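To start, the structure itself, in structure tokens.
2 protein chains.
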Amino acid sequence: MDNQQKDTEIKILDAAKEVFQQKGMTGARMQEIADKAGINKSLLHYYYRSKEKLFEKVFNMAVSIFIPKMLEIMLSEKPLFEKLEFFINNYIDLLTKHPYIPGFVINELNRNPQFLLNIFEKNVQIKEKKLFERVDVQIQEEVKKGILNPIDTRHLITNVIALVVFPMVARPIIQGVMFENDKKQYDSFLKERKAFVLSFVINSIKV
Amino acid sequence: MDNQQKDTEIKILDAAKEVFQQKGMTGARMQEIADKAGINKSLLHYYYRSKEKLFEKVFNMAVSIFIPKMLEIMLSEKPLFEKLEFFINNYIDLLTKHPYIPGFVINELNRNPQFLLNIFEKNVQIKEKKLFERVDVQIQEEVKKGILNPIDTRHLITNVIALVVFPMVARPIIQGVMFENDKKQYDSFLKERKAFVLSFVINSIKV
DNA sequence: GTCTATACACTGATAGAC
DNA sequence: GTCTATCAGTGTATAGAC
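So the sequence lines, in the order shown, correspond to chains A and B. At position 86 of the first sequence the residue is numbered 1404 (this note's numbering), and the sequence of numbers has no breaks. At position 84 of the second sequence the residue is numbered 1402 (this note's numbering), and the sequence of numbers has no breaks.
Shown next as structure tokens:
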């Protein structure tokens, strides 16, 4: 693979990422991706045989941005409160850097619920089959030690992810209704959330 | 407008709702909507001049399902904790009855951020211009009275909505990863959340 | 109000020259 | 590896008969 080829491939993926994330699989047009990449439509089919294959590649790249960090945090040996702080800080940063991805993923989730699950299971479950169980054990131990109030692990995990991800997904409406559509204000709102969400969660579960 | 006409219109809207909510504006096909309604493609254009207009109608109907209840709750004179309980219970019920709508709305939000805002402002802001301010005043009063810890109203509202809505939007992945894709288990998980989310929020903000 | 037939544009994809 | 030309299929939308 020479440099020329690599350049073209990168240009294609960059363009495809942009168009797919903004318009979804069905809304995206191969012509627009080609234009944005500065190449011909046919070349897209030369590198990726079909729109579907190109989309899968982009979708995989998007999802895999978020998985390694999650694994690292969940599998670490820190106490729960530190894990929470790490997770919340890192994911709000990550989401700020890639704001389109959650909407992109949820969009696709509607169209094809099984697709993401396959990716997820390939990347996560195989590497660490008992990911959920490990977190559950840790939490229930900390409950026994009297650090935490009794709590259902599934609800807790759901809550933390919801608090972190939802404000990105629903940004247009929250920003519009509560911040008079002021982008800067909403950006600092998101920054504040690092501390706010952490204390919100900890307040709720600590003894 | 005779009964025949009304029947057809309802059949069209039902079919359109189903297809648009599942496939989004760009993924939906007029042919599929016509088939599902048991009519001809041309008749769709007779009732609604274009796909875009039909979509707007369906989208408006979807959003307006959630607005009256929200207004009723937020404008009532109950103390905050009761408002929270009402909101959480009613919205989890409403979302269970209309599970596709949040994903549908968020999907469209990505495609056209301004569209939902216009609907929202027409329905909400005009009826009650200072909706947010009223809730804010109530919360800050209860803080002064010593019922609540000091808290930012915007973060609190965002959190409550996130905790209620996100598990519906991300259902396929949460159900897949944490519930082995068991639909029934996830349904009871959602029911549990009424009590869980309420105490999670109140624990976090009460003095 | 409902149908058939059809216009017209555009889409993803391929063939073939260089 | 990259382009031009082109295809077959499908999309929305309209015209016109009944």
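Every residue, glycine too, gets a C-beta built ideally from N, C-alpha and C. Note that the structure is predicted; figures quoted are calculated from it, not measured.
Between residue i and residue j, what straight-line distance do the alpha-carbon atoms span, to the nearest angstrom?
i          : j          : result
ILE1328(A) : THR1344(A) : 22 Å
SER1368(A) : LEU1389(B) : 47 Å
LYS1524(A) : PHE1422(B) : 36 Å
VAL1515(A) : GLU1460(A) : 20 Å
SER1517(B) : LYS1509(B) : 14 Å
PHE1433(B) : GLU1374(A) : 29 Å
ASP1454(B) : ASP1332(A) : 43 Å
SER1505(A) : ALA1488(B) : The sequence given here places Asp at residue 1505(A); Ser does not occur at that position. Their backbone Cα atoms lie some 24 Å apart in a straight line.
THR1326(A) : GLN1340(A) : 21 Å
VAL1482(A) : LYS1324(B) : 45 Å
LEU1466(A) : GLU1451(B) : 35 Å
ILE1520(B) : LYS1396(B) : 15 Å
GLU1370(A) : ILE1357(A) : 19 Å
ASP1470(A) : ASN1499(B) : 18 Å
THR1476(B) : THR1476(A) : 15 Å
Answer yes or no: do residue i and residue j have a C-beta to C-beta separation smaller than 8 Å?
i          : j          : result
PHE1384(B) : ARG1472(A) : no
LEU1372(B) : TYR1364(B) : no
PHE1484(B) : ALA1480(A) : yes
LEU1412(B) : LYS1448(B) : no
ALA1380(A) : ILE1330(A) : no
LYS1457(A) : LEU1435(A) : A quick correction: the sequence has Ile, not Lys, at residue 1457(A). The answer is no: Cβ separation not under 8 Å.
LEU1402(A) : VAL1478(A) : yes
GLY1342(A) : GLY1342(B) : yes
VAL1376(B) : PHE1338(B) : yes
PHE1404(B) : ILE1391(B) : yes
PRO1417(A) : MET1486(A) : yes
Got a sec? Which residues, its chain only, sit under 8 Å from residue i by beta carbon, not counting five neighbours each side?
i          : result
LYS1501(B) : GLN1493
LYS1359(A) : MET1348, GLN1349, ALA1352
Keeping to the same chain, check which residues put their C-beta closer than 6 Å to that of residue i; ignore five residues upstream and five downstream.
i          : result
PHE1468(A) : The residue asked about is misnamed: residue 1468(A) is Pro in this sequence, not Phe. Excluding positions up to five away in sequence, the list reads VAL1461.
LEU1362(A) : MET1348, ALA1352
PHE1497(B) : GLN1503, TYR1504
Tell me the DSSP bridge mates of residue i?
i          : result
LYS1524(B) : LEU1466(B)
Can you tell me whether residue i is buried or exposed, with buried defined as 16 or more other CB within 10 angstroms of its CB?
i          : result
SER1522(A) : buried
ASN1428(B) : buried
GLN1335(B) : Looking at the sequence shown, residue 1335(B) is not Gln but Lys. Classification for LYS1335(B): buried.
ALA1346(B) : buried
ASN1425(A) : buried
PRO1490(A) : buried
LEU1393(B) : exposed
THR1414(B) : exposed
Less than 7 Å between C-beta atoms, sequence neighbours within five positions excluded: which residues of the same chain meet that for residue i?
i          : result
LYS1512(B) : ILE1406, ASN1407, ILE1410
ASN1378(B) : ILE1437
GLU1382(B) : In the sequence as displayed, the identity of residue 1382(B) is Ser instead of Glu. The residues are ASN1441.
Compute every distance between the C-beta of residue i and the non-hydrogen atoms of the ligand ATP, then say whether any falls below 7 Å.
i          : result
PRO1431(A) : Ligands displayed in this structure: none; no statement on the ligand ATP is therefore possible.
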